[in-house]
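Participant: Sending over a structure as structure tokens; questions will come in a sec.
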Amino acid sequence: MTLTELVPTLRRSHPIALPSGLWPASATPTDDGDVQLGGVPATEVAARFGTPAQVLDLSEVRRRVGLLRRALPEAEIAFAGKALLCKGLLKALAAEGLSLDVCSAGEIAVARAAGFPAERIILHGNAKTPEDLKAALTYGVGRIVLDSPEEAAQLAGLVTHAQQVLLRVTPGVDARTHKAITTGTEGQKFGVALADAEDAIGAILTQPRLHLVGLHCHIGSQVSGVDAYEESARRMVRLVARVRARYGLTLTQLDLGGGFAIPYTENDEEF
């Protein structure tokens with residue numbers, strides 16, 4: 001028996017503190033020391049599923065989607081499948097009209113099982129296998145992000161129809177996050193360097209079945225400010241202008257990646 005069971009008033013005199021950045025908006029402490037998530041007591045979840053248990057509040061997902069849409073009303077919002085991939089969540093995201101980033105044949109299989117619209121799926125990844133590419137083509141994903149001219153040639157050998165693609169470019173921008181999760185500086189394993197991008201685009205344009213529609217970049221994870229995104233956008237837009245001048249091609253899509261910081265502790269910054 002616990003102390004709060006022996007002295008029930010202790011529960012009410014010491015309410016649970018729930019830091020807002022770490023809990024969904026629906027999280028509510030109760031007088032008996034429990035916490036409700038979306039109206040469901042945590043003890044009920046524990047009794048049914050055991051512990052530890054992962055709980056996802058779809059109302060919080062929808063709230064955050066709304067925040068992004070209000071901040072970026074003209075942007076396409078894509079969920080990174082690597083964050084959490086399960087059919088229930090994907091069905092909810094599809095209903096919200098989001099797009100989906102995947103990076104493997106396995107993730108494509110989950111998306112397919114959930115009925116996620118293929119045209120709103122984007123295949124990423126810097127080490128795609130032939131099986132990954134074939135799975136994407138079989139399901140008919142909307143776009144494939146190419147990591148190199150070599151990957152473009154590999155994909156061109158597999159496609160039987162026109163396929164929209166983007167090229168991942170390393171913008172040379174330091175997001176000032178942890179070095180292990182920095183992806184926008186020179187010398188990264190991801191994408192092509194900014195200085196090499198125009199020639200890489202030229203190589204892609206020699207493949208008649210690959211329809212280059214835009215550029216992609218990603219500067220890192222746990223990025224808490226907008227400065228690095230702004231600089232990346234400037235560099236990518238200048239590249240778009242150079243591509244138009246050199247090849248007469250107008251790229252219509254610019255994917256600036258994600259990486260928005262989220263708090264893991266009370267002292268962490270949030271984007």
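Oh and the sequence shown: position 48 is 48 in the UniProt record's numbering, straight run, nothing missing.
Beta carbons are placed, not taken as given, at the ideal position from N, Cα and C, and that holds for glycine.
Source: prediction; values computed, not measured.
1) Going by alpha carbons, who is nearest to Ser-148 out of Gly-115, Glu-198 and Ala-118?
2) Which residues share a DSSP beta bridge with Val-165?
3) Using the C-alpha atoms, what's the distance from Ala-47 back to Ile-166?
4) Count the C-beta pairs between the segment 115–127 and the segment 89–101 that are closer than 8 Å, then say yes if the count reaches three, no if not.
5) By DSSP, does Leu-249 sit in helix, in strand, or in coil?
6) Would Arg-242 and Thr-250 qualify as a contact pair, given that the criterion is a beta-carbon distance under 8 Å?
7) Leu-215 to Val-45, Cα distance in whole Å?
8) Look at the alpha carbon of Leu-254 and the alpha carbon of Pro-73, and state the distance between them as a whole number of angstroms.
9) Which one or two residues does DSSP pair with Ile-121 in a beta bridge?
10) Taking C-alpha atoms, which residue in Ala-136, His-211 and Gly-106 lies nearest to Thr-252?
11) Between the segment 55–70 and the segment 226–239, do three or more beta carbon pairs fall short of 8 Å?
12) Specify the secondary structure class of Pro-149 as computed by DSSP and reduced to three states.
Facilitator: Working from what's here:
1) The residue you call residue 148 lines up with position 148 of the sequence shown. It is Glu-198.
2) If you number the sequence shown from 1, residue 165 lands on position 165. According to DSSP, which records beta bridges pairwise, Val-165 is partnered with Ile-144 and Leu-212.
3) In the sequence shown, the residue the question calls residue 166 occupies position 166. In the sequence shown, the residue the question calls residue 47 occupies position 47. For the sequence presented, residue 166 should be read as Leu rather than Ile. Roughly 47 Å separates the two Cα atoms.
4) yes
5) By one-based count along the sequence shown, residue 249 stands at place 249. Reduced to three states, the DSSP call for Leu-249 is coil.
6) As a first step, residue 242 must be located in the sequence shown, where it is residue number 242. As a first step, residue 250 must be located in the sequence shown, where it is residue number 250. Not in contact: Arg-242 and Thr-250 (Cβ atoms no closer than 8 Å).
7) For the purposes of this step, residue 215 is taken as residue 215 along the sequence shown, with counting starting at 1. For the purposes of this step, residue 45 is taken as residue 45 along the sequence shown, with counting starting at 1. Straight-line Cα distance between these residues: approximately 44 Å.
8) To locate residue 254, count along the sequence shown from 1; it is residue 254. To locate residue 73, count along the sequence shown from 1; it is residue 73. Between Leu-254 and Pro-73, the C-alpha separation is close to 15 Å.
9) Within the sequence shown, numbered from 1, the residue matching residue 121 stands at position 121. Answer by DSSP bridge pairing, in chain order: Leu-100.
10) Working through the sequence shown from its first residue, we reach residue 252 at position 252. Ranking Ala-136, His-211 and Gly-106 by Cα distance to Thr-252 puts His-211 first.
11) no
12) What you label residue 149 is simply residue 149 of the sequence shown in a count that begins at 1. Three-state DSSP puts Pro-149 in a helix.
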